[in-house]
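Below you'll find the structure, written out as structure tokens, and then a few comments.
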Amino acid sequence: MTDDARLSDFATANNDEEPARAARGDDGSSSAATETAPADGDTIAPADETDDATASPAIETARSTYAWGAHTCSRCGESTDRVWRGDGSLVCPECKDW
Numbered sequence: 001m002t003d004d005a006r007l008s009d010f011a012t013a014n015n016d017e018e019p020a021r022a023a024r025g026d027d028g029s030s031s032a033a034t035e036t037a038p039a040d041g042d043t044i045a046p047a048d049e050t051d052d053a054t055a056s057p058a059i060e061t062a063r064s065t066y067a068w069g070a071h072t073c074s075r076c077g078e079s080t081d082r083v084w085r086g087d088g089s090l091v092c093p094e095c096k097d098w
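Per full-length UniProt numbering, residue 1 is the first one in the sequence shown, and the count goes up by one each step.
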């Protein structure tokens, strides 16, 4: 047997969700209205709505710190096959502040 496996090797003819539902005792009917209904006198406050276009991102997008291939250093202009991020741009090993 090889170490490689195909996704289809793990698939079954039955729906994979069925055993999980049976184990939970879930019959598929929705009882969310009775489970989420507030107790007498309780009210649910509406969630704050924001316009996605004006909302600021909570986290900054991740950027690479290293790249390989045919690159040109943004500081010295030399051709290199390895670059690292330094001061916001990709630079060669000689220009990188270690």
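Just so it is clear, CB atoms sit at the ideal spot from N, CA and C, and this is done for glycine as well.
In the DSSP assignment, alanine 67 is bridged to Val83. A residue is called buried when at least 16 other Cβ atoms come within 10 angstroms of its Cβ; leucine 90 meets this threshold and is buried. Comparing alpha carbon positions, the residue from Ala5, Arg85, Cys92, Asp87 closest to serine 79 is Cys92. Taking the Cβ atoms as the reference, glycine 86 lies roughly 11 Å from cysteine 76, outside the contact range of under 8 Å.
Minimum Cα-Cα distance from cysteine 73 among the listed residues Asp9, Trp84, Ala11, Arg6 corresponds to Trp84. Between the C-alpha atoms of alanine 62 and threonine 12 there is a straight-line separation of about 37 Å.
In terms of Cβ geometry, arginine 82 and alanine 67 form a close pair [threshold 9 Å].
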